[in-house]
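If you want the numbering used here, it's the position in the sequence shown, counting the first as 1, plus 111.
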Amino acid sequence: MIRKIFIAFVTSFSFSVAQAQTTQEQPGADLIVINAKIFTGSRAQPEASALAVKNGRIYSVGSDADILGLKNSNTEIIDARSRTLIPGIIDAHIHVLNDLAYNYNVRWDGVPTLRRALTMLSEQAARTPKGQWVKVIGGWSPYQFEENRFPTLDELRSAVPDRPLIVQYAYNQAFLNKQAMEALGVGTDRFPKVPDTEFERDSRGNPTGVIHGYTWLFLALESMVPQPTFDEQVSSMVYSIHGLNRFGVTSIIDNGGRWPYPETQARVDVLARDNRLNVRMPFVDLQLGDGGPVNMVDLEIEAITKTAPISAGQNLHPTLAHGHEYRGAGEVLSGEVHDHENFDRPAVIIEPEKMGRFVEQDVMKLVQRRIPFRMHVSYNENISPFLDALEKVNETISLDGLKWSLEHAETISPENIARVKKLGGGIALDAKMALHGDGFIRTYGRQKALETPRLRMLVDSGIPLAMTTDAFRAATFNPWVAVSWMVSGKSVSGSEILAENNRLSRTEALKLFTSGAAWFMNAEAELGIIAPGNLADFAVLDRDYFAVPEDQISSISSVLTIMDGKVVFGAQDYSALSPKLPDILPAWSPVKYFGSYHGEK
Numbered sequence: 112m113i114r115k116i117f118i119a120f121v122t123s124f125s126f127s128v129a130q131a132q133t134t135q136e137q138p139g140a141d142l143i144v145i146n147a148k149i150f151t152g153s154r155a156q157p158e159a160s161a162l163a164v165k166n167g168r169i170y171s172v173g174s175d176a177d178i179l180g181l182k183n184s185n186t187e188i189i190d191a192r193s194r195t196l197i198p199g200i201i202d203a204h205i206h207v208l209n210d211l212a213y214n215y216n217v218r219w220d221g222v223p224t225l226r227r228a229l230t231m232l233s234e235q236a237a238r239t240p241k242g243q244w245v246k247v248i249g250g251w252s253p254y255q256f257e258e259n260r261f262p263t264l265d266e267l268r269s270a271v272p273d274r275p276l277i278v279q280y281a282y283n284q285a286f287l288n289k290q291a292m293e294a295l296g297v298g299t300d301r302f303p304k305v306p307d308t309e310f311e312r313d314s315r316g317n318p319t320g321v322i323h324g325y326t327w328l329f330l331a332l333e334s335m336v337p338q339p340t341f342d343e344q345v346s347s348m349v350y351s352i353h354g355l356n357r358f359g360v361t362s363i364i365d366n367g368g369r370w371p372y373p374e375t376q377a378r379v380d381v382l383a384r385d386n387r388l389n390v391r392m393p394f395v396d397l398q399l400g401d402g403g404p405v406n407m408v409d410l411e412i413e414a415i416t417k418t419a420p421i422s423a424g425q426n427l428h429p430t431l432a433h434g435h436e437y438r439g440a441g442e443v444l445s446g447e448v449h450d451h452e453n454f455d456r457p458a459v460i461i462e463p464e465k466m467g468r469f470v471e472q473d474v475m476k477l478v479q480r481r482i483p484f485r486m487h488v489s490y491n492e493n494i495s496p497f498l499d500a501l502e503k504v505n506e507t508i509s510l511d512g513l514k515w516s517l518e519h520a521e522t523i524s525p526e527n528i529a530r531v532k533k534l535g536g537g538i539a540l541d542a543k544m545a546l547h548g549d550g551f552i553r554t555y556g557r558q559k560a561l562e563t564p565r566l567r568m569l570v571d572s573g574i575p576l577a578m579t580t581d582a583f584r585a586a587t588f589n590p591w592v593a594v595s596w597m598v599s600g601k602s603v604s605g606s607e608i609l610a611e612n613n614r615l616s617r618t619e620a621l622k623l624f625t626s627g628a629a630w631f632m633n634a635e636a637e638l639g640i641i642a643p644g645n646l647a648d649f650a651v652l653d654r655d656y657f658a659v660p661e662d663q664i665s666s667i668s669s670v671l672t673i674m675d676g677k678v679v680f681g682a683q684d685y686s687a688l689s690p691k692l693p694d695i696l697p698a699w700s701p702v703k704y705f706g707s708y709h710g711e712k
């Protein structure tokens with residue numbers, strides 16, 4: 112009897128082991144890409160023709176023959192057909208969560224002529240339902256147009272005769288038609304009383320509909336127009352991320368906006384729980400309060416310690432590495448010391464004493480709690496007193512090991528570059544000069560523009576450095592416009608905007624959107640280069656970035672974008688691999704008809 116029981120046990124155990132072995136994961140790769148011109152970004156292995164992916168990470172990099180030896184019966188094999196493959200682009204400063212009305216907006220990004228831009232408005236006006244607005248909210252520049260000018264009010268009124276219209280240029284000015292002026296209460300007490308707002312007026316002294324101002328004005332105006340529903344906000348996020356994937360972007364750092372933590376995270380959760388967040392999206396939190404003067408640092412500390420406790424580096428995404436990590440406070444830490452950046456106006460200079468008090472009283476709180484921070488500061492005149500005070504803070508409580516950075520820093524001096532480096536900080540530049548540099552020349556002169564920013568010096572300094580887009584309002588979300596400017600020295604108008612000795616090589620420029628940007632995610636050991644063990648984020652380009660003429664760089668896009676080892680975008684030969692997008696909301700969305708960037712539709 113005992114013998115029968117023993118035999119039955121052994122038989123059952125053997126069957127279980129055999130069954131477990133048959134269900135074990137097969138050795139070999141999940142995905143293999145062959146016949147590629149791989150720019151790895153790694154000095155140890157700068158080039159290769161194939162790579163293998165397993166469990167969302169780079170498994171191996173090498174020759175076609177070597178990598179094909181890693182396939183199994185379930186391996187997906189993609190032929191790159193001799194195309195260039197690069198690490199996934201990281202945009203270390205962008206505002207996806209500030210633009211949850213993305214699907215409401217006509218995108219003029221990349222539109223080559225004003226004629227076409229006006230036609231888009233006219234077409235959209237015909238399908239925009241009553242009660243809604245026709246809107247263009249940033250991402251464009253008059254210098255990108257063949258006509259090299261702004262639209263006139265008459266042209267805009269003719270294009271949109273029977274719906275409220277707002278066309279916003281960066282955070283510089285807005286154009287309103289009659290219906291929009293009435294809805295916003297222009298000339299009445301209903302219009303927001305924001306300092307430094309200027310109305311253009313006709314010969315009778317009446318507002319024409321052109322308004323000049325700074326950031327706070329345009330955020331106030333956006334709050335006064337029809338708002339998207341929760342589901343429309345989620346849809347906007349899906350389609351804005353799809354637009355990013357189209358250019359090979361696989362990671363971003365969201366730099367805050369109108370909706371603060373933890374309120375805005377509910378929208379991200381919808382995509383995260385279904386594994387539909389097609390970009391790694393660490394976030395920096397900005398607390399604007401409910402209007403009026405507030406202490407943004409105090410609100411931030413309350414939000415992350417009491418309202419919804421979270422620590423630096425904590426990931427809210429259940430499965431995706433760096434999916435939705437909290438990366439600290441910023442980019443605006445105080446409204447009183449915010450120097451904006453409107454190149455059509457002289458620099459906003461903050462009183463040094465006020466800047467010093469802010470750092471010693473408020474930034475000190477972040478340093479004490481080891482909360483990473485990012486500081487929007489554009490002009491060197493404001494960077495100097497900020498660093499003066501930060502150096503004093505560092506004497507009391509060391510900044511060592513704390514991630515912090517200056518955002519934008521367009522006119523930073525050589526001396527201040529060295530000071531930032533000594534304090535262990537980074538600098539996240541942006542490419543607004545590519546779009547708005549012609550305006551900068553008119554305000555500050557060509558010579559100043561040619562050295563703004565000091566790209567060559569910044570790269571040579573070895574400081575942690577990234578190039579960013581600062582999209583979707585201040586500039587376009589297309590990183591290749593930024594790369595083109597860094598390499599060619601030309602703005603979107605074709606004007607020389609960077610001195611020849613202030614430009615970068617193609618490799619240097621690309622690294623500012625890959626390995627350089629990874630530092631700001633605290634992911635430099637996992638992202639930014641194609642190497643075994645790194646996260647499997649990469650893009651196959653529609654043309655050879657390293658060989659095409661300079662004037663074609665800004666037109667580059669991805670034909671295949673892989674994030675976490677999965678296809679998140681496919682075009683041309685790889686269209687069938689692209690995940691199907693849900694129906695866009697609302698059904699009348701301009702993005703449905705025009706796409707998110709010129710040429711997409």
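For each residue, glycine too, the CB sits at the ideal point set by N, CA and C. Note that the structure is a prediction, hence the values are computed from the model and not measured.
When we look at the beta-carbon of residue 418 and count the other beta-carbons within 10 Å, is it buried (16 or more) or exposed?
exposed
What ranges does the beta strand (DSSP E) occupy inside the region 563 to 610, keeping only unbroken runs of at least 3 residues that lie completely in it?
For the region 563 to 610, the continuous beta strand (DSSP E) assignments of 3+ residues that do not extend past its boundaries occur at 576 to 579, in sequence order.
Answer yes or no: do residue 569 and residue 359 have a C-beta to C-beta separation smaller than 8 Å?
No, they are not a contact pair.
In three-state terms, what does DSSP make of residue 745?
Residue coverage of the chain in this structure runs from 112 to 712, which leaves residue 745 outside it and unanswerable.
Taking one C-beta from the region 150 to 168 and one from the region 640 to 658 each time, how about it: are there three or more such pairs within less than 8 Å?
yes
Inter-residue CB distance, residue 378 and residue 345 (contact presumed, cutoff 8 Å)
Yes, residue 378 and residue 345 are in contact; Cβ-Cβ is about 5 Å, under 8 Å.
To the nearest angstrom, how far is the alpha carbon of residue 175 from that of residue 160?
6 Å
Go through its chain and collect everything with a Cβ distance to residue 381's Cβ below 6 Å, but skip five positions before and after it.
345
Cα-Cα, which of 523, 571 and 376 is closest to residue 559?
Closest option to residue 559, Cα to Cα, is 523.
Could you please give the first and the last residue of the uninterrupted beta strand (DSSP E) stretch that includes residue 714?
Lying outside 112 to 712, the shown extent of the chain, residue 714 is not represented and no answer is given.
Might you give, ordered along the chain, the residues of its own chain that have their beta carbon closer than 7 Å to the beta carbon of residue 479, omitting 5 neighbours on each side?
508
Residue from 354, 311 and 237 whose Cα sits closest to the Cα of residue 681
354
Got a sec, what are the start and stop residues for the alpha helix (DSSP H) residue 476 sits in?
475 to 479 is the span of the alpha helix (DSSP H), which, as asked, contains residue 476.
Counted within 10 angstroms of its Cβ, other Cβ atoms place residue 503 as buried (16 or more) or exposed
exposed
Could you have a look at residue 486 and say whether DSSP puts it in helix, strand or coil?
strand
Using alpha carbons as the reference points, say which of 520, 553 and 585 lies closest to residue 546.
585
Could you tell me which whole beta strand (DSSP E) segments of length 3 or greater appear in the region 242 to 316?
245 to 248, 276 to 280, 284 to 287 and 309 to 312
With the cut-off set at 8 Å, would you say residue 592 and residue 603 are in Cβ contact?
yes
Under 8 Å between C-beta atoms of residue 329 and residue 282:
yes
CA-to-CA distance, residue 411 to residue 67, given in whole angstroms
Lying before the first or after the last residue shown, residue 67 is absent from the chain, which here runs from 112 to 712.
Assigned secondary structure, residue 701 (DSSP; H/G/I helix, E/B strand, else coil)
Look at residue 701 here: in three-state DSSP terms it is helix.
Considering residue 215, what are the terminal residues of the beta strand (DSSP E) in which it resides?
Careful: residue 215 lies outside any beta strand (DSSP E) and carries neither H nor E.
Helix, strand or coil for residue 515, going by three-state DSSP, please let me know.
strand
Supposed close pair residue 648, residue 351 - CB separation, criterion 8 Å
Not really, about 18 Å apart at Cβ, beyond 8 Å.
Taking a contact to mean a Cβ-Cβ separation below 8 Å, would you say residue 488 touches residue 450 in this structure?
yes
Could you tell me the distance, in whole angstroms, from the CA atom of residue 309 to the CA atom of residue 324?
6 Å
From the DSSP output, read off the bridge partner residues of residue 231.
Partner(s): none; residue 231 has no beta bridge.
So, does the region 219 to 232 touch the region 257 to 264, judging by three or more C-beta pairs under 8 Å?
yes
Taking DSSP as the reference, what is the three-state secondary structure of residue 68?
No answer is possible for residue 68: it lies beyond the span of the chain, which begins at 112 and ends at 712.
Based on Cα-Cα distance, which residue from 695, 515, 375 and 690 lies nearest to residue 726?
Limits of the chain in this structure are 112 at one end and 712 at the other, which puts residue 726 out of reach.
In chain order, what residues of the same chain lie with their CB nearer than 8 Å to the CB of residue 610, ignoring the 5 residues before and after it?
561, 562 and 600
Considering Cα atoms alone, identify which of 431, 492, 447 and 472 is closest to residue 460.
492
Which listed residue (275, 401, 613 and 254) has its alpha carbon closest to that of residue 235:
275
On the CB-based measure, 16 or more other CB atoms within 10 Å of its CB, does residue 573 come out buried or exposed?
exposed
Rounded to whole angstroms, what's the CA-CA distance from residue 475 to residue 655? Just pull it up for me.
47 Å
Which residues in the same chain have their Cβ closer than 6 Å to the Cβ of residue 132, if we skip the five residues on either side of it in sequence?
Its pLDDT being 43, under 50, residue 132 is placed unreliably in this model, and the value from its coordinates should be taken loosely. None.
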